[in-house]
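Residue numbers (the numbering used here): 1 to 251. Glycine included, C-beta positions come from ideal geometry on N, C-alpha and C. Below is one structure; the comments refer to it alone.
Okay, structure coming up:
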């Protein structure tokens with residue numbers, strides 16, 4: 001699963017799954033562009049890669065804004081000459097609340113990043129990959145994009161949208177040398193999740209009890225799945241939703 005000579009873009013690369021994946025890509029030979037809204041986290045990821053001998057640059061990007069996404073992709077091409085791999089991972093969670101009690105503002109906020117943001121990334125990444133006649137894209141969906149998610153209606157809607165976008169783009173561009181897949185993690189021990197556990201400790205225990213593996217996933221475990229989807233080892237795989245969930249959705 002080597003990525004020698006490949007150019008990879010990772011959104012949401014300033015922490016969690018995005019950081020682990022960006023570092024893993026670099027460790028396997030890719031030159032990486034790290035995009036994140038948070039410049040501190042994004043630059044930290046870049047420095048981690050550079051300290052290990054890799055090549056990386058940072059792009060501060062709000063994926064919900066079309067002009068910023070277009071500039072992000074153009075910046076990668078200006079820096080490295082092409083775009084071979086895109087991991088559209090940037091996303092946000094929401095306030096746990098039942099559907100009838102959720103607000104329109106909260107729904108719009110989550111959909112803008114998680115659904116529209118992935119669509120915008122696909123739009124501009126695919127335009128570049130069509131010029132190259134090759135490329136592979138991986139979107140971060142969720143098990144919440146495959147099943148219902150109690151008290152997370154907007155989040156679940158956004159991740160179902162990611163699955164739909166993934167399958168549609170995969171069908172549209174399979175004959176153009178472009179593969180599009182999604183990774184669907186269960187609860188993973190990221191900083192975002194740890195904050196939720198700190199506020200509601202019962203969430204952690206419930207997640208462990210409800211999972212057949214009786215534990216929370218690690219970001220590296222998701223990154224390894226993304227690496228496979230990004231590599232030529234998965235050359236006949238497109239339109240797939242790869243669950244990394246300890247057996248949760250198999251129940």
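(request) Please list, in chain order, all residues of the same chain as residue 232 whose beta carbon is under 7 Å from its beta carbon, the five residues on each side excluded. (result) none
(request) Identify which residue in 35, 68, 243 and 175 has its Cα closest to the Cα of residue 90. (result) 35
(message) In this structure, how does DSSP classify residue 63 when only helix, strand and coil are distinguished?
(response) coil
(message) Please give me, in chain order, every unbroken run of the alpha helix (DSSP H) with length at least 4 that falls completely inside the stretch 130-211.
(response) 153-173, 191-199 and 201-210
(request) Inspect the beta-carbon positions of residue 143 and residue 249 and report whether they are closer than 8 Å. (result) yes
(message) What does the alpha-carbon distance come out to for the pair residue 197 and residue 206?
(response) 10 Å
(message) Per the DSSP calculation, residue 88 is bridged to which residue(s)?
(response) 139
(message) For residue 217, count the other beta carbons within 10 Å of its own beta carbon; 16 or more makes it buried, fewer makes it exposed. Which is it?
(response) buried
(request) Apply the 10 Å Cβ neighbour rule to residue 149 and answer buried if 16 or more other Cβ atoms are within range, or exposed otherwise. (result) buried
(request) Can you give me the start and stop residues for the beta strand (DSSP E) that residue 241 sits inside? (result) 241-244
(request) Can you check the stretch 21-55 for any beta strand (DSSP E) of at least 3 residues that lies completely inside it and give the ranges in chain order? (result) 31-36
(message) Strictly by DSSP, which residues pair up with residue 217?
(response) 188
(request) Closer than 7 Å by C-beta to residue 118: which residues in its own chain qualify, once you throw out the five before and the five after it? Chain order, please. (result) 88, 139, 162 and 165
(message) Assess contact between the stretch 12-28 and the stretch 126-136, defined as three or more Cβ pairs (one per stretch) separated by less than 8 Å. Is contact present?
(response) no
(message) According to DSSP, is residue 122 part of a helix, a strand, or is it coil?
(response) helix
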